[in-house]
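Asks: Taken in order, the sequence shown gives residues 148 to 627; the numbers are from the working numbering.
Got a structure for you, written out below as structure tokens; questions coming shortly.
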Amino acid sequence: MSTNFPACGGRMEYVCLGCGARYPHDSLLYACPKCDNVFLLENPDFSSLKKYDGLYWRKLFDERTASRSTALRGIFRYYELLVPFLAEDDIVYLGEGITPIVEAPPALRSIVGVPFSYKNDGQNPSASFKDRGMACAFSYLKWLCRRHKWDEVLTICASTGDTSASAALYAAYVGPPLKSVVLLPKGKVTQQQLSQPLGSGAAVLELPGVFDDCMKVVERMAERHNVALLNSKNSWRILGQESWAYETAQWFDWDVSGLCVFVPVGNAGNITAIMCGFLKLRELGVITALPRVFGVQSEHADPVYRYYAAPPQQRRWQPVRVRASVAQAAMIGNPVSFPRVSALAERFIAEGGENSFQMIQVTEQQIMDATLLANRHGHIACTQGGECLAGLVNAKILGLIGEQERVLLTATAHSLKFAGFQEMYFTDSFPPEYGVTPDKSLDNRPLLLLSENSREGRSDADYAELAADALAERLQLEKK
Ligand SMILES: *Cc1c(COP(=O)(O)O)cnc(C)c1O
Ligand SMILES: [Zn+2]
Numbered sequence: 148m149s150t151n152f153p154a155c156g157g158r159m160e161y162v163c164l165g166c167g168a169r170y171p172h173d174s175l176l177y178a179c180p181k182c183d184n185v186f187l188l189e190n191p192d193f194s195s196l197k198k199y200d201g202l203y204w205r206k207l208f209d210e211r212t213a214s215r216s217t218a219l220r221g222i223f224r225y226y227e228l229l230v231p232f233l234a235e236d237d238i239v240y241l242g243e244g245i246t247p248i249v250e251a252p253p254a255l256r257s258i259v260g261v262p263f264s265y266k267n268d269g270q271n272p273s274a275s276f277k278d279r280g281m282a283c284a285f286s287y288l289k290w291l292c293r294r295h296k297w298d299e300v301l302t303i304c305a306s307t308g309d310t311s312a313s314a315a316l317y318a319a320y321v322g323p324p325l326k327s328v329v330l331l332p333k334g335k336v337t338q339q340q341l342s343q344p345l346g347s348g349a350a351v352l353e354l355p356g357v358f359d360d361c362m363k364v365v366e367r368m369a370e371r372h373n374v375a376l377l378n379s380k381n382s383w384r385i386l387g388q389e390s391w392a393y394e395t396a397q398w399f400d401w402d403v404s405g406l407c408v409f410v411p412v413g414n415a416g417n418i419t420a421i422m423c424g425f426l427k428l429r430e431l432g433v434i435t436a437l438p439r440v441f442g443v444q445s446e447h448a449d450p451v452y453r454y455y456a457a458p459p460q461q462r463r464w465q466p467v468r469v470r471a472s473v474a475q476a477a478m479i480g481n482p483v484s485f486p487r488v489s490a491l492a493e494r495f496i497a498e499g500g501e502n503s504f505q506m507i508q509v510t511e512q513q514i515m516d517a518t519l520l521a522n523r524h525g526h527i528a529c530t531q532g533g534e535c536l537a538g539l540v541n542a543k544i545l546g547l548i549g550e551q552e553r554v555l556l557t558a559t560a561h562s563l564k565f566a567g568f569q570e571m572y573f574t575d576s577f578p579p580e581y582g583v584t585p586d587k588s589l590d591n592r593p594l595l596l597l598s599e600n601s602r603e604g605r606s607d608a609d610y611a612e613l614a615a616d617a618l619a620e621r622l623q624l625e626k627k
């Protein structure tokens with residue numbers, strides 16, 4: 148076996164989740180022309196991969212860990228499971244994927260009552276997991292441009308903040324013929340997230356309203372104009388996000404039995420991709436048992452939770468109107484990927500049993516408290532990562548986690564992107580609609596050591612002396 152770039156020449160097909168129609172991979176499709184339902188991508192020759200056993204694939208993926216080929220260092224380490232017709236030059240690599248899994252330290256473990264780890268997807272280039280899907284979608288777009296000799300392609304997305312940061316970054320890197328346009332709900336993305344597409348040079352347009360409004364606009368644009376839609380309606384993004392499952396399985400030495408995975412659910416693309424990924428590995432014999440997947444939603448944006456909370460015969464899909472949420476990246480009332488989740492959950496349950504897919508609901512207060520708790524123990528969780536921890540706490544209270552099970556949470560973005568919510572917590576300035584009351588014992592803010600004018604008229608040495616004394620006094624330190 149070698150870690151050279153694999154022979155390319157495979158195929159993929161869009162498979163409609165409504166009517167089952169199949170379409171070839173050589174045009175960019177978002178919804179079925181026949182019935183308007185969403186797609187998943189499938190390799191029609193997947194069974195030919197089975198001529199090798201699970202051991203072969205495990206060895207190949209393990210060997211690629213040491214690859215010097217940039218194209219194979221990120222999500223395309225799992226090339227055969229993603230887009231097996233890309234050439235090495237098509238692959239866009241900005242350092243995405245292969246994110247660390249970090250165990251909760253003992254003090255945090257004992258507070259929560261269960262050992263767990265975080266997979267830090269905030270350690271991706273634009274600081275969220277969205278880069279996994281974008282790396283795949285942009286690599287495919289490069290292939291499309293090459294094949295059709297396009298000289299200008301406008302990429303467009305609606306975003307709760309991280310999709311636009313990621314899309315703008317990858318478009319800026321690839322450059323012409325790609326140009327990036329992002330549409331954001333005004334005031335509903337953080338300052339940090341807004342600064343990202345601006346810095347990458349994208350055209351940034353704001354629309355009063357919420358994400359669901361922006362999504363409807365870009366869907367219309369994709370129907371009427373020649374633009375490349377980069378929301379997770381674009382199934383190449385879902386495909387790239389499957390890499391989270393591959394990496395997780397590889398990290399646990401290809402044994403994810405007894406693993407409980409917690410995922411925040413917004414547009415529901417990520418949880419779809421994670422289930423797809425584990426099912427594929429299972430089908431190839433790379434893993435022999437599925438993990439259990441827990442989707443987590445805030446009670447301020449919980450349509451998927453509500454659907455599954457009803458008894459199976461009474462389930463009826465109904466979008467909700469969202470309320471203000473600190474898990475802002477998941478504040479979506481009408482998730483585009485709901486048909487995907489329901490199809491995948493069914494397959495997951497058929498393979499892994501009734502308890503292998505579950506939805507958990509958390510409060511805004513729990514999300515904020517859990518985010519701070521995680522980060523005060525050395526994690527770098529965003530509010531959606533905090534939402535996962537809150538989900539674990541609730542799942543444990545509900546008796547859903549077994550004694551012998553292991554738990555993996557996902558921190559879907561870096562904590563720095565959501566620093567504003569931490570600031571609101573510390574300064575007790577949440578607008579009432581969030582329903583968050585700070586726990587004063589977690590309060591933390593900078594203290595001014597000396598008065599503003601104390602530097603004036605003092606030498607460097609005097610000033611250092613004065614400040615050191617003030618600091619020692621503040622810390623109540625004795626002279627040694
Ligand atoms: C997009 C996003 C989510 C929600 O993921 P979906 O695929 O839309 O369900 C959660 N957390 C962060 C940080 C995100 O950027
Ligand atoms: Zn269809």
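Even glycine gets a Cβ: it sits at the ideal position worked out from N, Cα and C.
A quick note: this is a predicted structure, and the numbers were derived from the prediction, not measured.
Hey, quick one: how far does the beta strand (DSSP E) through Gln512 stretch, first residue to last?
Replies: Counting from one through the sequence shown, the residue named residue 512 turns up at place 365. First-last for Gln512: Glu511 to Asn522, but that is the alpha helix (DSSP H), not the beta strand (DSSP E).
Asks: With a threshold of 7 Å on Cβ separation, who are the neighbours of Met148 within its own chain once the five nearest residues in sequence on each side are excluded?
Replies: The residue you call residue 148 lines up with position 1 of the sequence shown. Legend: pLDDT at Met148 = 42, less than 50; position of this residue unreliable, value from coordinates given subsequently. Result list for Met148: Lys206, Leu207 and Glu210, in chain order.
Asks: Round the Cβ separation of Ala254 and His524 to the nearest angstrom and send it over; I've been treating them as touching at under 8 Å.
Replies: On the sequence shown, residue 254 is found 107 positions in, with the first residue counted as 1. On the sequence shown, residue 524 is found 377 positions in, with the first residue counted as 1. 6 Å between Cβ atoms; contact.
Asks: Taking DSSP as the reference, what is the three-state secondary structure of Tyr240?
Replies: On the sequence shown, residue 240 is found 93 positions in, with the first residue counted as 1. In this structure, Tyr240 counts as coil in the three-state DSSP scheme.
Asks: Which residues mark the beginning and the end of the beta strand (DSSP E) in which Arg439 is found?
Replies: The count along the sequence shown starts at 1 and reaches residue 439 at position 292. Residues Arg439 to Ser445.
Asks: Nearest to Leu595 by alpha carbon, out of Ala617, Asp586 and Ala178?
Replies: If you number the sequence shown from 1, residue 595 lands on position 448. Checking every option, the nearest Cα to that of Leu595 belongs to Ala617.
Asks: Is the CB-CB distance between Ala476 and Ile434 below 8 Å?
Replies: Position 329 of the sequence shown holds residue 476. Position 287 of the sequence shown holds residue 434. No, the pair does not count as a contact, with Cβ atoms beyond the cut-off.
Asks: Applying the 10 Å Cβ sphere with the 16-neighbour rule, what's the burial state of His372?
Replies: To locate residue 372, count along the sequence shown from 1; it is residue 225. Exposed, since its Cβ has fewer than 16 Cβ neighbours within 10 Å.
Asks: Whole angstroms are fine: how far does the CA of Tyr452 sit from the CA of Gln461?
Replies: For the purposes of this step, residue 461 is taken as the residue at position 314 of the sequence shown. For the purposes of this step, residue 452 is taken as the residue at position 305 of the sequence shown. For Gln461 and Tyr452, the distance between alpha carbons rounds to 14 Å.
Asks: Is it true that the stretch 424-444 meets the stretch 386-404, where meeting means three or more beta-carbon pairs spaced less than 8 Å apart?
Replies: With the cut-off at 8 Å, the stretch 424-444 and the stretch 386-404 touch.
Asks: Quick check on Asn151: buried or exposed, where buried means 16 or more other Cβ atoms within 10 Å of its Cβ?
Replies: Taking the sequence shown and counting its residues from 1, one reaches residue 151 at position 4. Classification for Asn151: exposed.
Asks: Measuring alpha carbon to alpha carbon, tell me which residue in Leu539, Pro411 and Glu370 is nearest Ala558.
Replies: The residue you call residue 558 lines up with position 411 of the sequence shown. Ranking Leu539, Pro411 and Glu370 by Cα distance to Ala558 puts Pro411 first.
Asks: With 16 as the cutoff for other CB atoms within 10 Å, does Leu658 come out buried or exposed?
Replies: Here the chain has residues from 148 to 627 only, and residue 658 is not among them.
Asks: For the stretch 507-517 and the stretch 533-544, state whether three or more C-beta atom pairs, one from each stretch, are separated by less than 8 Å.
Replies: Yes, the stretch 507-517 is in contact with the stretch 533-544.
Asks: Mark Cys182 as exposed unless 16 or more other C-beta atoms lie within 10 angstroms of its C-beta, in which case mark it buried.
Replies: Here residue 182 corresponds to residue number 35 of the sequence shown, with the count starting at 1. By the neighbour-count rule (16 or more Cβ atoms within 10 Å), Cys182 is not buried but exposed.
Asks: My guess is that Asp192 and Arg158 are in contact by the Cβ rule of under 8 Å, so how many angstroms apart are they, rounded?
Replies: For the purposes of this step, residue 192 is taken as the residue at position 45 of the sequence shown. For the purposes of this step, residue 158 is taken as the residue at position 11 of the sequence shown. Indeed they touch by this definition, with Cβ atoms about 6 Å apart.
Asks: What does Ser275 pair with, by DSSP beta-bridge criteria?
Replies: In the sequence shown, counting from the first residue as 1, residue 275 sits at position 128. Answer by DSSP bridge pairing, in chain order: Ala560.
Asks: Based on the DSSP secondary-structure assignment, which residues constitute the bridge partners of Pro171?
Replies: Counting from one through the sequence shown, the residue named residue 171 turns up at place 24. Glu160, per the DSSP bridge assignment.
Asks: With respect to the beta strand (DSSP E) encompassing Leu187, which residues constitute its N-terminal and C-terminal limits?
Replies: What you label residue 187 is simply residue 40 of the sequence shown in a count that begins at 1. From DSSP, the beta strand (DSSP E) with Leu187 extends over Phe186 to Glu189.
Asks: Indicate, with yes or no, if ligand 2 has a heavy atom lying under 7 Å from the CB of Ala490.
Replies: By 1-based counting over the sequence shown, the position of residue 490 is 343. Not under cutoff, so the answer is no.
Asks: With distances taken between CB atoms, is the gap from Val403 to Met422 smaller than 8 Å?
Replies: The sequence position of residue 403 within the sequence shown is 256, counting from 1. The sequence position of residue 422 within the sequence shown is 275, counting from 1. Against a cut-off of 8 Å, the Cβ pair of Met422 and Val403 comes out as no contact.
Asks: Over what stretch of residues does the beta strand (DSSP E) that includes Lys266 continue unbroken?
Replies: Taking the first residue of the sequence shown as position 1, residue 266 is located at position 119. Taken as a continuous stretch (DSSP letters only), the beta strand (DSSP E) holding Lys266 covers Phe263 to Asn267.
Asks: Considering only heavy atoms of ligand 2, does any lie closer than 7 Å to the CB of Lys181?
Replies: Position 34 of the sequence shown holds residue 181. Lys181 Cβ: within cutoff of ligand 2.
Asks: Does DSSP put Arg553 in a helix, in a strand, or in coil?
Replies: Locating residue 553 in the sequence shown gives position 406, where the first residue counts as 1. If DSSP states are grouped into helix, strand and coil, Arg553 belongs with the strands.
Asks: So within the stretch 322-355, which uninterrupted alpha helix (DSSP H) runs reach at least 4 residues, ignoring any that extend past its ends?
Replies: As far as the stretch 322-355 is concerned, its whole alpha helix (DSSP H) runs of at least 4 residues are 338-346.
Asks: For a quick check, are the C-beta atoms of Thr217 and Tyr203 less than 8 Å apart?
Replies: In the sequence shown, residue 217 corresponds to position 70, counting from 1. In the sequence shown, residue 203 corresponds to position 56, counting from 1. No, the Cβ-Cβ distance between Thr217 and Tyr203 is not below 8 Å.
Asks: Can you look up Thr435 in the DSSP assignment and give me helix, strand or coil?
Replies: Counting from one through the sequence shown, the residue named residue 435 turns up at place 288. Three-state result, Thr435: coil.
Asks: Roughly how many angstroms separate the alpha carbons of Pro593 and Glu599, rounded to a whole number?
Replies: In the sequence shown, the residue the question calls residue 593 occupies position 446. In the sequence shown, the residue the question calls residue 599 occupies position 452. Those two C-alpha atoms are separated by around 14 Å.
Asks: By Cβ distance, which residues of its chain are closer than 8 Å to Trp297, with the 5 residues on each side in sequence left out?
Replies: Numbered from 1 along the sequence shown, position 150 holds the residue referred to as residue 297. So the list reads Leu291 and Pro324, once near-sequence residues are dropped.
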